[in-house]
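Residue numbers (the UniProt record's numbering): 1 to 164.
For every residue, glycine included, the Cβ atom is placed at its ideal position computed from N, Cα and C.
Bear in mind that the values here come from a model prediction, so they are computed numbers and not experimental data.
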């Protein structure tokens, strides 16, 4: 996963045009926001701003995209975005998240699949969702004491421990 969003769009247009047919779809949003993040990663801030105005502005009206969109745009405010509280967007785990979403959308186009919704989440993803919910429920039961399970922080801690 190199973060080459332009080539991803090209391949999707060529092989699976139905996946990106709706310009306002979740997949298009994820790919466009990742492209924006890749410009920031490459320190091409002016290009990122122009790209954001041209390709992300239409998503501001969608409440479902509001959180990721605001966080992505907020990366511009940091001198070192990778070290900011939003640095997780610059991690490989964010690229993997987008790639997984695209892969699930591609798999759901298979005409032999009886339940396209089943392609959207792997067993591991369902397990992680359940773990997250259980963690929040445990915190609520304990008067909101203790740490919440945040997957991106756990992944970051794991990656740091591997480097050490």
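Let's see if you can read the secondary structure: which residues bound the alpha helix (DSSP H) around residue i?
i	result
residue 51	45–55
residue 158	151–163
residue 132	123–141
residue 6	5–15
Return the Cβ separation of residue i and residue j in integer angstroms, given the expectation that the two are a contact with Cβ distance under 8 Å.
i	j	result
residue 139	residue 3	Not really, about 34 Å apart at Cβ, beyond 8 Å.
residue 60	residue 69	7 Å
residue 89	residue 100	Rounded, the Cβ-Cβ distance is 15 Å, inconsistent with contact.
residue 12	residue 5	Incorrect: roughly 10 Å between the Cβ atoms, too far for contact.
residue 31	residue 8	6 Å
residue 45	residue 76	6 Å
residue 145	residue 91	That pair is no contact at about 28 Å.
Please list the segments of the alpha helix (DSSP H) lying wholly inside the stretch 20–107, counting only runs of 4 or more residues, in order along the chain.
-> The DSSP assignment places 26–41, 45–55, 66–74, 92–107 as complete runs of the alpha helix (DSSP H) inside the stretch 20–107, in order along the chain (cut-off: 4 residues).
Counting Cβ pairs, one atom from each stretch, are 3 or more of them under 8 Å apart for the stretch 123–133 and the stretch 141–159?
-> As far as the Cβ criterion goes, the stretch 123–133 touches the stretch 141–159, which means the pair count is three or higher.
State whether the stretch 101–110 contacts the stretch 7–26, with contact taken as three or more CB pairs (one from each stretch) at a distance under 8 Å.
-> They touch, by the three-pair rule.
So, do the stretch 20–39 and the stretch 71–91 have three or more beta carbon pairs nearer to each other than 8 Å?
-> The answer is yes - the stretch 71–91 touches the stretch 20–39, with three or more Cβ pairs under 8 Å.
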